[in-house]
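Inspection log for the structure reproduced underneath, given as C-alpha cells.
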Ligand code: NSS
C-alpha cells in the first residue's frame, strides 16, 4: 500500500500502509518503542517490537528526536484505547531528517516564547486543531454565500480613503500619492452590489489599533456581504442565518478538533436562529441595571459587551445605535433620526462583537452632509457618491470578523491563536 494519511486509517484496517510525517513524541521500554507519528491530518501511535525489525531500525528508532521527519510502514490495527481508534504495528522506518533539539517541548512555555516560535508552534495538537477549524469556517462561509447566489467580488487592499474612521489607518507611499491599507471592502462592495445584486468580499483588512486587547489584531480577515434592495431587517436575518450555519458545520465536521480544544459543545449547540434582539436603548438600561456607569450616547467597551452577551444563551443583536457613535454611511431610522439602522452581533461567553452591519444611506444630499460632518474629503469619495446619483436603491451589508468568530467557536482566550501568523501591536515576527 502506498502513502496513506492518518485520517484515512479506518479504511485500511489489517493492511500494511506507509505514513510520511514527523515524530510527535517517543518513549521506549527496552524491547518496544512507542512512536507518536503526526502527518498533518492526525496523530497515530506506532509500536515497534525489537524482534520484529532489524537491529539497525530498532536502534534508529531509539535515537529519533522530537519532530524528526520520518517515513514509516506498519500494519493498521484497531485499538479502542488509541486516540483516533487505530494503532500501527511498525515494520519499517526511514529517516528523512534527524531534527535538532526542538525548542518546544511538552513542558509549559511562556506565551512570548511560543509567539516567537509561532512557525513551529503551529505543529502542536492544539494549534493544528485551530488551523483546521479556521479552514472549515472559511469554507462554510463561502458555501453559505455561494449557495445563495452571491457573487464573490474582490475589494482592493490599497485604497485612497478611509472607511472606518481615520484614526486606525496604515499609511504607505503610492508613488506621488498617499495610500492606505484597506480597513474594509465595504464601499467597493456597495458599488459591486449595484452591478451584481448580491455580493461579498472575503479578504484581509488592516487597522492600526493602538489598543492591546485579546480581541484586536492589526491584520484580520473579514467577510463582507452587500445586498441591493435589502433593508435593516433583511440584513439581520442574513447574519443570523450565516452564523447559525457556520456553527452547525463546525459541530458536524470537527468534533475531534473541538475535543482537543476542550470546547464545551453545549454552548455551541444552542446557536440556532432566531437570535434575540435588543435596541441600544435597552442595552443601556441593562448595563445601568448591572451597575455600569454609562449614559445614552456612549459607545460600548469590551467589558460592556461581555455583560450584555452574558444575559443570553446565544448571540444577541444590539441594534439602532446613536448616530454619533457610528460610521458616516449608516442610514438614520426614519422614525427616530437620532439613531441609525445598524446592528452589532455580540457572541456569548465574553467574545464580544463578531459582526457590525447596517443599512446604508442611499440619499445623496444626506450622504454629502455626513461626509462634511466627518471631515471626509470630497475628491476621494466622488465615485462613492456617484452610486447615489445613478440608480440609488436601499441596500445593506455587514462585516463578520473571521478571527473573532474562530476565537468564539474554538473557545480561545485570546485572538492571537486564531490566525496563523498574528500581527499584534508589539509583534511583526515571525
Ligand atoms: O468596523 S466593523 O464593525 N464594520 C466594518 O468594518 C463595516 N465596514 C463592515 C461592513 O458593513 N461591510 O468591523 C466588522 C467586524 C467586527 O465586528 C469585528 O468582528 C471585526 O470586524 N474586527 C476586528 N477583528 C479583529 N481585530 C480588529 N482590530 C477588528 N476590528 C474589527
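Numbering (my numbering), first residue to last: 2 to 431.
Even glycine gets a Cβ: it sits at the ideal position worked out from N, Cα and C.
Residue i - partner residues in DSSP beta bridges
i, result
"residue 28", "35"
"residue 360", "397"
"residue 46", "37 and 88"
"residue 70", "23 and 98"
"residue 284", "DSSP output for residue 284 lists no bridge partner at all."
"residue 267", "In the DSSP output, where bridge partners are listed per residue, residue 267 has none listed."
"residue 337", "334"
"residue 77", "89"
"residue 278", "318"
"residue 159", "182"
Range covered by the beta strand (DSSP E) that runs through residue i
i, result
"residue 197", "It is not in any beta strand (DSSP E) - residue 197 instead sits in the alpha helix (DSSP H) that spans 187-197."
"residue 347", "343-348"
"residue 223", "220-229"
Own chain partners of residue i with C-beta closer than 6 Å, once the 5 adjacent residues on each side are dropped
i, result
"residue 198", "229"
"residue 349", "310"
"residue 156", "186, 189 and 202"
"residue 393", "363"
"residue 426", "213"
"residue 431", "119 and 120"
"residue 164", "184, 185, 187 and 188"
Which of helix, strand or coil DSSP assigns to residue i
i, result
"residue 173", "strand"
"residue 180", "strand"
"residue 312", "coil"
"residue 122", "helix"
"residue 295", "coil"
"residue 55", "coil"
"residue 8", "helix"
"residue 321", "coil"
"residue 331", "strand"
"residue 354", "strand"
"residue 167", "helix"
"residue 13", "helix"
"residue 96", "strand"
"residue 130", "helix"
"residue 390", "coil"
"residue 326", "helix"
"residue 201", "strand"
"residue 272", "coil"
"residue 137", "helix"
"residue 259", "helix"
"residue 420", "coil"
"residue 210", "coil"
"residue 426", "coil"
"residue 109", "coil"
"residue 306", "helix"
"residue 61", "helix"
"residue 149", "coil"
"residue 143", "helix"
Residue interval of the alpha helix (DSSP H) (run including residue i)
i, result
"residue 384", "379-387"
"residue 112", "112-117"
"residue 245", "233-254"
"residue 407", "403-411"
"residue 374", "365-374"
Cutoff 7 Å; reference residue i; Cβ partners in own chain excluding five residues on either side
i, result
"residue 100", "66, 67, 68 and 69"
"residue 179", "172"
"residue 300", "326"
"residue 352", "405, 408 and 409"
"residue 371", "329 and 362"
"residue 96", "61, 69 and 71"
"residue 160", "180, 181 and 183"
"residue 241", "274, 275 and 276"
"residue 79", "14, 86 and 87"
"residue 306", "347, 353 and 354"
Proximal residues to residue i (C-beta, below 8 Å), its chain only, five neighbours per side dropped
i, result
"residue 123", "129, 132 and 421"
"residue 40", "6, 7, 20, 21, 22 and 23"
"residue 63", "29 and 34"
"residue 331", "324, 341, 342, 343, 359, 360, 361 and 362"
"residue 424", "218, 219 and 220"
"residue 390", "365"
Quiz item: Between the stretch 403-414 and the stretch 246-264, do at least 3 Cβ pairs fall closer than 8 Å?
Solution: yes
Quiz item: Using 8 Å as the Cβ pair cut-off and three pairs as the minimum, do the stretch 366-384 and the stretch 337-347 touch?
Solution: no
Self-check item: Touching by the beta-carbon criterion (3+ pairs, under 8 Å), the stretch 105-119 and the stretch 80-89
Solution: no
Quiz item: Within the chosen definition, does the stretch 133-152 reach the stretch 242-251 through at least 3 CB pairs nearer than 8 Å?
Solution: yes
Practice problem: Specify whether the stretch 378-389 and the stretch 200-217 touch according to this definition: at least 3 beta carbon pairs, one from each stretch, less than 8 Å apart. | Solution: no
Self-check item: Cβ contact (3+ pairs, closer than 8 Å) linking the stretch 148-165 and the stretch 50-57
Solution: no
Quiz item: At a cut of 8 Å, does the stretch 263-275 reach the stretch 310-319 through at least three beta carbon pairs?
Solution: yes
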